[in-house]
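Shown next, in structure tokens, is the structure this report addresses.
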Amino acid sequence: MIPTSFEYVRATSLEDALAKLKAANGSGKFIAGGHSLVPLMKLRLSEPQLLIDIGRIPDLAGISERDGKMVIGAGTVHHDIATSSVIRERCPVVADAAAMIGDPQVRNRGTIGGSVAHADPSADMPAVLLALDAEIHLKGPNGWRVVKAPDFFRDLFTVDMAHDEIIASIQFAPLRTAAYAKLYQRASHYAIVGVAAALHVSGGRIASAAIGLTGAASHARRLTNVERALAGQPLSQQTIAPAAQVAGVDLAEVNSDIHAGAEYRRAMIPVFTRRALESAMARA
Ligand SMILES: Cc1cc2nc3c(=O)[nH]c(=O)nc-3n(C[C@H](O)[C@H](O)[C@H](O)COP(=O)(O)OP(=O)(O)OC[C@H]3O[C@@H](n4cnc5c(N)ncnc54)[C@H](O)[C@@H]3O)c2cc1C
153 MIPTSFEYVR ATSLEDALAK LKAANGSGKF IAGGHSLVPL MKLRLSEPQL LIDIGRIPDL
213 AGISERDGKM VIGAGTVHHD IATSSVIRER CPVVADAAAM IGDPQVRNRG TIGGSVAHAD
273 PSADMPAVLL ALDAEIHLKG PNGWRVVKAP DFFRDLFTVD MAHDEIIASI QFAPLRTAAY
333 AKLYQRASHY AIVGVAAALH VSGGRIASAA IGLTGAASHA RRLTNVERAL AGQPLSQQTI
393 APAAQVAGVD LAEVNSDIHA GAEYRRAMIP VFTRRALESA MARA
């Protein structure tokens with residue numbers, strides 16, 4: 153339960169953070185809030201020789217709206233997202249999900265960038281970012297790169313980010329008609345099953361839908377069969393209930409652990425999909 157020894161430095165800018173990472177020659181790691189990394193270090197599943205603190209880089213944290221997009225700095229803590237009036241007004245699903253993460257301590261230290269980079273299979277934000285088709289903005293030695301959330305979350309704790317890149321921000325078009333519903337572990341509040349539903353509504357019909365699922369499989373993913381079942385249909389309870397029924401049926405493997413067996417998770421996926429869809433519909 154004691155990590156291996158390490159050096160600690162504080163980065164002053166994105167460029168400084170990347171330079172320090174490069175100088176560490178593969179043995180350095182960024183630390184933001186430390187809520188995912190430190191437990192791994194204590195278990196010696198991660199043994200960086202140098203921790204580069206990115207927690208006080210000016211401008212890495214903060215929420216703004218630019219060119220019609222919400223821009224959340226990677227260093228923004230969950231609490232600031234949950235209590236942001238602009239997020240709550242323009243895209244309430246993001247504030248709702250942030251408010252459901254862990255406990256006050258986790259929400260005041262853990263960052264959205266850390267959550268996205270770590271990609272825990274039970275983390276909430278990946279499902280929401282998938283439903284919003286969000287962009288992950290990365291900076292590396294060769295400049296900037298933008299990866300869409302569906303391409304970013306690849307496998308268990310595996311994302312499309314090179315070891316020499318840093319996440320600078322998360323960006324998405326705001327949408328009011330989206331909601332998140334989760335069945336959570338009673339101790340940690342991690343999702344056993346979490347579903348984010350985003351509905352694009354036009355003239356009383358669902359023009360398109362995007363549904364993100366977390367907690368149930370190796371990594372967060374879209375429920376494309378539900379999305380297809382909803383597209384072009386009237387926005388009504390009669391549309392939503394049968395569409396939700398097919399949620400998860402095409403998942404080859406569903407997680408099974410001490411918190412819930414695979415059979416139970418399979419049963420809960422349609423339930424929480426329906427709840428998320430109903431809440432999104434109520435915002436239309
Ligand atoms: C008790 C407990 C309960 C929790 N409950 C929940 C929950 O209910 N739902 C949920 O979703 N999560 C939950 N979490 C997880 C929590 O949300 C994450 O630990 C947190 O968001 C990670 O952010 P961090 O800033 O602490 O990351 P860190 O631990 O500092 O870093 C995590 C990883 O991301 C990398 N990293 C961090 N920032 C960047 C960046 N900008 N660019 C590139 N790489 C970066 C680090 O190098 C490291 O590999 C819980 C955690 C704890 C300890």
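Position one of the sequence shown corresponds to residue 153 (the numbering used here), numbered consecutively onward.
Cβ atoms here follow ideal geometry from the backbone N, Cα and C, with glycine treated the same way.
Predicted model only: the values in this text are computed from it and were never measured.
Across the structure, A283 and K300 are spaced so that their CA atoms are roughly 11 Å apart. With a 10 Å radius around the Cβ and a threshold of 16 neighbouring Cβ atoms, N407 comes out buried.
Restricting attention to M193, R240, R261, the CA atom closest to the CA of A213 is found in R261. Taking 8 Å as the upper bound for CB-CB distance, S370 and D307 are in contact here, some 6 Å apart. In this structure, DSSP gives T366 an extended state, which the three-state scheme calls strand. When DSSP states are grouped into helix, strand and coil, V299 belongs to the strand group. The C-alpha of L189 is placed about 8 Å away from the C-alpha of S198. Taking C-alpha positions only, H411 is separated from D219 by approximately 43 Å. In the structure shown, the three-state DSSP call for T425 is helix.
Across the structure, I253 and M193 are spaced so that their CA atoms are roughly 22 Å apart. For Y332, the Cβ stays outside the 8 Å cut-off from all heavy atoms of ligand 1.
Secondary structure note for G225: its beta strand (DSSP E) is the uninterrupted segment 221-225. Within the same chain, Y342, A343, T366, G367 come within 7 Å of S274 by CB-CB distance, once the 5 residues on both sides are set aside. Measuring C-alpha to C-alpha distances from P422 to each of T310, G185, L403 identifies L403 as the nearest. With respect to the 9 Å criterion, T425 and A350 are not classified as neighbours on the basis of their beta carbons. In this structure, DSSP gives P326 a state outside helix and strand, which the three-state scheme calls coil. If the five residues before and after A393 are omitted, its C-beta is found closer than 7 Å to the C-beta atoms of R426, all from its own chain and listed in chain order.
Your pair R208 and R259 does not check out as a contact, with CB atoms roughly 19 Å apart and the cut at 8 Å.
Counted as a single uninterrupted DSSP element, the stretch harbouring I154 is not any alpha helix (DSSP H), since DSSP gives it neither H nor E. With a 10 Å radius around the Cβ and a threshold of 16 neighbouring Cβ atoms, V401 comes out exposed. Around the beta carbon of M222, 16 or more other beta carbons lie within 10 angstroms, which makes this residue buried. If the five residues before and after C243 are omitted, its C-beta is found closer than 8 Å to the C-beta atoms of M222, L284, F324, P326, L327, R328, A330, all from its own chain and listed in chain order.
Comparing alpha carbon positions, the residue from D272, I154, S354 closest to R196 is I154.
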